[in-house]
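Student: First, the structure itself, so that you have it in front of you.
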Amino acid sequence: MTYLIGTDLGTTSTKSVLYDHQGHVIASANVGYPLYHDTVTTAEEDPQEIWQAVQATIHQVSAGIATDEIEGIAFSSAMHSLILLDANKQPLTRVITWADNRAAADAAALKAQPLGQQLYEMTGTPIHPMSPLVKLHWFANQQPDLLNQARYVVGIKEYIIYLMTGQLQMDYSMANATGLFNLYNFDWEPAALDYAQVTRAQLPPLVDTDAVINGLTPTAAGELGLRLATKVIMGASDGALSNLGVGADEPGVAAITIGTSGAVRVMTKQPYLDPEGRLFCYYVAPHHWIVGGPINNGGQVFRWVRDELFATESQVARDHQQDPYDQLTALAATVPVGAHGLLFHPYLSGERAPLWNADARGSLLGVTTTTTKADIARAVLEGIVMNLNTVLQLTAAAEPVHAIRATGGFARSSLWRQILTDVLGQPITIPSSFESSCLAAAVIGLKALGHIDDLNAIHAMIGATETYQPNAANHQLYHQHQVVFDHVTAQLAPLYHEIATLNR
Numbered sequence: 001m002t003y004l005i006g007t008d009l010g011t012t013s014t015k016s017v018l019y020d021h022q023g024h025v026i027a028s029a030n031v032g033y034p035l036y037h038d039t040v041t042t043a044e045e046d047p048q049e050i051w052q053a054v055q056a057t058i059h060q061v062s063a064g065i066a067t068d069e070i071e072g073i074a075f076s077s078a079m080h081s082l083i084l085l086d087a088n089k090q091p092l093t094r095v096i097t098w099a100d101n102r103a104a105a106d107a108a109a110l111k112a113q114p115l116g117q118q119l120y121e122m123t124g125t126p127i128h129p130m131s132p133l134v135k136l137h138w139f140a141n142q143q144p145d146l147l148n149q150a151r152y153v154v155g156i157k158e159y160i161i162y163l164m165t166g167q168l169q170m171d172y173s174m175a176n177a178t179g180l181f182n183l184y185n186f187d188w189e190p191a192a193l194d195y196a197q198v199t200r201a202q203l204p205p206l207v208d209t210d211a212v213i214n215g216l217t218p219t220a221a222g223e224l225g226l227r228l229a230t231k232v233i234m235g236a237s238d239g240a241l242s243n244l245g246v247g248a249d250e251p252g253v254a255a256i257t258i259g260t261s262g263a264v265r266v267m268t269k270q271p272y273l274d275p276e277g278r279l280f281c282y283y284v285a286p287h288h289w290i291v292g293g294p295i296n297n298g299g300q301v302f303r304w305v306r307d308e309l310f311a312t313e314s315q316v317a318r319d320h321q322q323d324p325y326d327q328l329t330a331l332a333a334t335v336p337v338g339a340h341g342l343l344f345h346p347y348l349s350g351e352r353a354p355l356w357n358a359d360a361r362g363s364l365l366g367v368t369t370t371t372t373k374a375d376i377a378r379a380v381l382e383g384i385v386m387n388l389n390t391v392l393q394l395t396a397a398a399e400p401v402h403a404i405r406a407t408g409g410f411a412r413s414s415l416w417r418q419i420l421t422d423v424l425g426q427p428i429t430i431p432s433s434f435e436s437s438c439l440a441a442a443v444i445g446l447k448a449l450g451h452i453d454d455l456n457a458i459h460a461m462i463g464a465t466e467t468y469q470p471n472a473a474n475h476q477l478y479h480q481h482q483v484v485f486d487h488v489t490a491q492l493a494p495l496y497h498e499i500a501t502l503n504r
């Protein structure tokens, strides 16, 4: 019996799961690390802390398993990260994450030029501060000496795999999310490199998502507690793998994720680009592309509600060994659909899809003297979902949606599950396992190593699912709210820059 480890390098934690060849979970582990906000616009991670988390999770899941029974490790990773390395492949920067907003002015200027749309049409990556394309342009203008020192330009997955194998490579899926990759010829795009002011020589060689590196370095093998012959499979981005991991791997099946942030994605057989640049288009595997949009404001907004509006109630819950989120959702459940006319626009951290506006700000409309904190709690849950619904409507142009799979931390809340179902007006299927990206990475690994013939084998591995049906009356009410929600968003959009300026 041999096993495969699926490892997901997330924004705030690394997860590793040990699977057998049938996709059964043998062991799992999760180790967190901080996200550093040295200024209001920066969001960075320490690459050494992530490497330590990789080591810790792999040690935990492989405990008690003979080293010759662990055949390989396959990776998933958050997209859009950037690390500058020197000639010795030592980091010159921390990991600059997708949430980093330092390049907002660069993104706005590029988006206002014809070049912005041209680059989007070549790369499939929306113009936004999240993009390494724009971050590199920021470095070229703000810290040119540092960029000149950079012999290599990579993301966190490439760096971790380098530490494990001594080889620096980037898979097509991760490259596609840099804004530097031409999605038609599968090569670095010269026009993007010119804008970013980097050269082809600074970027890693490109490989497919099922590429295999045969073996670890002696140092890494010792640190991980694995044998030298352990194989490393490149894997793909977490967004791409999340679709595969919930069974949304066929045209017309959408995947919705609500974790700290969120996303809506649909699989297509060929690239699709939104005429207004509002959707991403990223490679997964041959004849598998994901089209969709990410949102900044998912569960982190509900965390803000917990900490800022319900701090006392949350502490009482903790004192009684209860989950504060359970208390908040129970309170929100006492409020009728529509939260007594409250509309919450959840743009506390700017927004990516559908606005792609780092200056977007949150708003709460419809407040009266009878508004309660419970009303606000429900309005927040509804507003996050309505924002996702606007993204879902955009993806329908790429591929009409006839089925929806959902996953993420939100799925632990029965209220939030039903709100999602009622707002969308479609049945929602939710798998019992939340580790969809780890599973999908492992499945790519199983195929790469010859244990399965097709990625469709994942359908037999997903395990138990539960389907939620929409309430027709609730959906009708939510539709009325959605119309107003969208109208208000359009009205406020021209004002977001002015509003954001007030706090600078």
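So that you can map any letter, position 475 of the sequence shown is 475 in full-length UniProt numbering, and since no number is skipped, the others follow by simple counting. Beta carbons are placed, not taken as given, at the ideal position from N, Cα and C, and that holds for glycine. The structure presented is a predicted model; accordingly, all values stated were derived computationally and were not measured.
1) Suppose the cutoff is 7 Å on Cβ atoms and the five residues either side in sequence are ignored; what does the same chain contact list for R306 look like?
2) Should D453 be labelled buried (16 or more other beta-carbon atoms within 10 Å of its own) or exposed?
3) On a Cα-Cα basis, can you pick out the residue from L183, V316, Y347 that is closest to Q270?
4) Indicate whether the contact test is met: 3 or more Cβ pairs, each with one atom in the stretch 222-240 and one in the stretch 164-173, closer than 8 Å.
5) In terms of alpha-carbon separation, which member of G252, W304, F302 lies closest to G292?
6) Ordered along the chain, which non-local residues of its own chain (more than five positions away) have a Cβ less than 7 Å from that of T199?
7) Mind checking who W188 pairs with in its DSSP beta bridge?
8) When you compare only the Cα positions, how much space is there between T355 and R278?
9) Per the DSSP calculation, P354 is bridged to which residue(s)?
10) When the Cβ atoms of the stretch 419-430 are set against those of the stretch 260-275, are three or more pairs found closer than 8 Å?
11) Within 10 Å of its beta-carbon, does L224 have 16 or more other beta-carbons around it, so buried, or fewer, so exposed?
12) For a test of the three-state rule: what should DSSP assign to S131, helix, strand or coil?
13) Helix, strand or coil, according to DSSP, for L82 in the structure here?
14) State the CB to CB distance for the pair V301 and P346, rounded to an integer number of angstroms; the pair is presumed to be in contact (CB under 8 Å).
15) Who are the near neighbours of W416 in its chain, counting only those whose CB is closer than 6 Å to its CB and skipping five residues on each side?
16) Give every residue of the same chain whose Cβ lies closer than 6 Å to the Cβ of H451, excluding the five residues on either side of it in the sequence, and list them in chain order.
17) Jot down the residue ranges of each uninterrupted alpha helix (DSSP H) in the stretch 409-437, minimum 4 residues, whole runs only, in chain order.
18) With a 10 Å radius around its C-beta and 16 neighbouring C-beta atoms as the bar for buried, classify D375 as buried or exposed.
19) With respect to the beta strand (DSSP E) encompassing L343, which residues constitute its N-terminal and C-terminal limits?
20) Does the Cβ of V40 have 16 or more other Cβ atoms within 10 Å, making it buried, or fewer, making it exposed?
21) Does the beta-carbon distance from G10 to A78 come in below 8 Å?
22) Identify the residues that DSSP records as bridge partners of W289: which are they?
23) Would D100 be called buried (16 or more neighbouring beta carbons within 10 Å of its own) or exposed?
24) Taking contact to mean 3 or more Cβ pairs, one atom from each stretch, closer than 8 Å, check whether the stretch 21-33 and the stretch 457-476 are in contact.
25) Note down, in chain order, each residue of its chain lying with its Cβ closer than 7 Å to the Cβ of E49, except the 5 sequence neighbours on either side.
26) In the structure shown, what three-state DSSP assignment does A457 receive?
27) Could you tell me whether the Cβ atoms of R265 and N296 are closer together than 8 Å?
28) Could you give the DSSP three-state label for N214: helix, strand or coil?
29) Less than 8 Å between the beta carbons of Y159 and I83, yes or no?
30) Smallest Cα separation from A472: which of P427, F181, D210?
31) Does the stretch 394-408 come close enough to the stretch 439-451 that 3 or more CB-CB pairs lie under 8 Å?
32) How many whole angstroms separate the CB atoms of T123 and G179, which I take to be in contact at a CB cut-off of 8 Å?
Tutor: Put simply:
1) Within the sequence shown, the letter at position 306 stands for residue 306. Cβ neighbours of R306 within its own chain (closer than 7 Å, five residues either side excluded): S314, P324, Y325, L328.
2) Reading the sequence shown from its first residue, position 453 is the one you call residue 453. Exposed.
3) Locating residue 270 in the sequence shown gives position 270, where the first residue counts as 1. The shortest C-alpha separation from Q270 is found at L183.
4) In short, these stretches touch, since the Cβ pair count reaches three.
5) Counted from its first residue, the sequence shown places residue 292 at position 292. Of G252, W304, F302, the smallest CA-CA separation from G292 is found for G252.
6) Position 199 of the sequence shown, counted from the start, is the residue given in the question as residue 199. Around T199: L193.
7) If you number the sequence shown from 1, residue 188 lands on position 188. DSSP output for W188 lists F181 as bridge partner(s).
8) For the purposes of this step, residue 355 is taken as the residue at position 355 of the sequence shown. For the purposes of this step, residue 278 is taken as the residue at position 278 of the sequence shown. The residue asked about is misnamed: residue 355 is Leu in this sequence, not Thr. Approximately 7 Å between the Cα atoms of the pair.
9) In the sequence shown, the residue the question calls residue 354 occupies position 354. In the DSSP assignment, P354 forms no beta bridge with any residue.
10) The stretch 419-430 is not in contact with the stretch 260-275.
11) Locating residue 224 in the sequence shown gives position 224, counting from the first residue. L224 comes out buried.
12) Within the sequence shown, residue 131 is the residue found at index 131, counting from 1. Of the three classes helix, strand and coil, the one that applies to S131 here is coil, per DSSP.
13) Position 82 of the sequence shown, counted from the first residue, corresponds to residue 82. Of the three classes helix, strand and coil, the one that applies to L82 here is strand, per DSSP.
14) The count along the sequence shown starts at 1 and reaches residue 301 at position 301. The count along the sequence shown starts at 1 and reaches residue 346 at position 346. At roughly 5 Å, the Cβ-Cβ gap stays under 8 Å, so V301 and P346 are in contact.
15) Your numbering for residue 416 matches position 416 in the sequence shown. Taken in chain order, the residues that qualify are L381, F410.
16) If you number the sequence shown from 1, residue 451 lands on position 451. Excluding sequence neighbours, H451 sits near H21.
17) Those alpha helix (DSSP H) runs which fall completely within the stretch 409-437 and span 4+ residues are 414-424.
18) Numbered from its first residue, the sequence shown carries residue 375 at position 375. Classified as buried, D375 has 16 or more neighbouring CB atoms from the shown chains inside 10 Å of its CB.
19) Here residue 343 is taken as the residue at index 343 of the sequence shown, counted from 1. DSSP places L343 in the uninterrupted beta strand (DSSP E) bounded by 343-345.
20) Translated into positions along the sequence shown, residue 40 becomes position 40. Under the 10 Å beta carbon count, V40 is surrounded by fewer than 16 other beta carbons and is classified as exposed.
21) What you label residue 10 is simply residue 10 of the sequence shown in a count that begins at 1. What you label residue 78 is simply residue 78 of the sequence shown in a count that begins at 1. When the beta-carbon positions are compared, G10 and A78 come within less than 8 Å of each other.
22) Sequence index remark: in the sequence shown, residue 289 carries index 289 (1-based). Beta-bridge pairing links W289 to T268, Y283.
23) Against the sequence shown, residue 100 aligns to sequence position 100. The residue in question, D100, is buried, as its Cβ has 16 or more Cβ neighbours within 10 Å.
24) Output reads yes: the stretch 457-476 touches the stretch 21-33.
25) Taking the first residue of the sequence shown as position 1, residue 49 is located at position 49. Counting only Cβ-Cβ distances below 7 Å, and skipping sequence neighbours, we find Y33.
26) Working through the sequence shown from its first residue, we reach residue 457 at position 457. Helix at A457.
27) Your numbering for residue 265 matches position 265 in the sequence shown. Your numbering for residue 296 matches position 296 in the sequence shown. Result no, Cβ atoms of R265 and N296 do not sit closer than 8 Å.
28) Within the sequence shown, residue 214 is the residue found at index 214, counting from 1. Correct three-state label for N214: strand.
29) Here residue 159 refers to the residue found at position 159 of the sequence shown. Here residue 83 refers to the residue found at position 83 of the sequence shown. At a Cβ-Cβ threshold of 8 Å, Y159 and I83 count as neighbours.
30) For the purposes of this step, residue 472 is identified with residue 472 of the sequence shown, where counting begins at 1. Nearest to A472 by C-alpha distance, out of P427, F181, D210, is P427.
31) Fewer than three beta-carbon pairs drawn from the stretch 439-451 and the stretch 394-408 are found closer than 8 Å, and the two stretches are therefore not classed as touching.
32) Counted from its first residue, the sequence shown places residue 123 at position 123. Counted from its first residue, the sequence shown places residue 179 at position 179. With 8 Å as the limit, T123 and G179 qualify as a contact, their Cβ atoms being about 5 Å apart.
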